[in-house]
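Comments concern the structure below.
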Ligand SMILES: [Zn+2]
Ligand SMILES: [Zn+2]
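In the numbering used here, the protein residues as written are 934 to 1100.
So, in structure tokens, the structure goes:
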């Protein structure tokens, strides 16, 4: 739990940093297979504004995920730099648990799809080869097929083909 005692926050605010077990993230709801590879590290600054608690700072966790495109295992650093938590009318007589807010902040910066790299080439649809690592032969024939398609796509080519039929 990431807890703060509002009664202890001085004029300068209170610095709060440490690590939490990444199990708190609960990544099971994500469609991709994702597991934490490090603890959640947080570095926060808490201050009081009247009766309200303001917490700013950052949190990060290293994740191990399958690439959404090539399914290869890849590391992803999930980091939230501009956490801003605002709790109105903070009860001063008890510890306040910031864990849920930190979790939400981190999960909100989760990308829709984690990829091993921006230009991941993915898998060959015919033979399943990982095209980041190897060049398969079906890719070659597919390329040639695409080329022929492109040249045959123009109207001119279509008409000339018709002409050829007529003659
Ligand atoms: Zn990939
Ligand atoms: Zn292939």
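The C-beta atom is built at its ideal place from N, Cα and C for all residues, glycine as well. Just so we're clear, the structure is a prediction, and the values are computed from it rather than from any experiment.
- DSSP, reduced to helix, strand and coil, places residue 957 within a helical segment of the structure shown.
- Remark: the C-beta of residue 1005 is in contact range of ligand 1, defined as less than 7 Å to any heavy atom.
- When distances are taken from the beta-carbon of residue 992 to the heavy atoms of ligand 2, even the shortest one reaches 7 Å or more.
- Checking the DSSP bridge columns, you'll see residue 936 partnered with 1030.
- Proximity to residue 1050 across 1030, 979, 1001 and 935 peaks at 1001, based on C-alpha coordinates.
- Residue 942 places its beta carbon less than 8 Å from that of residue 980.
- In the displayed model, residue 1002 falls within coil according to three-state DSSP, outside both helix and strand.
- By alpha-carbon distance to residue 998, the top candidate from 956, 948 and 963 is 963.
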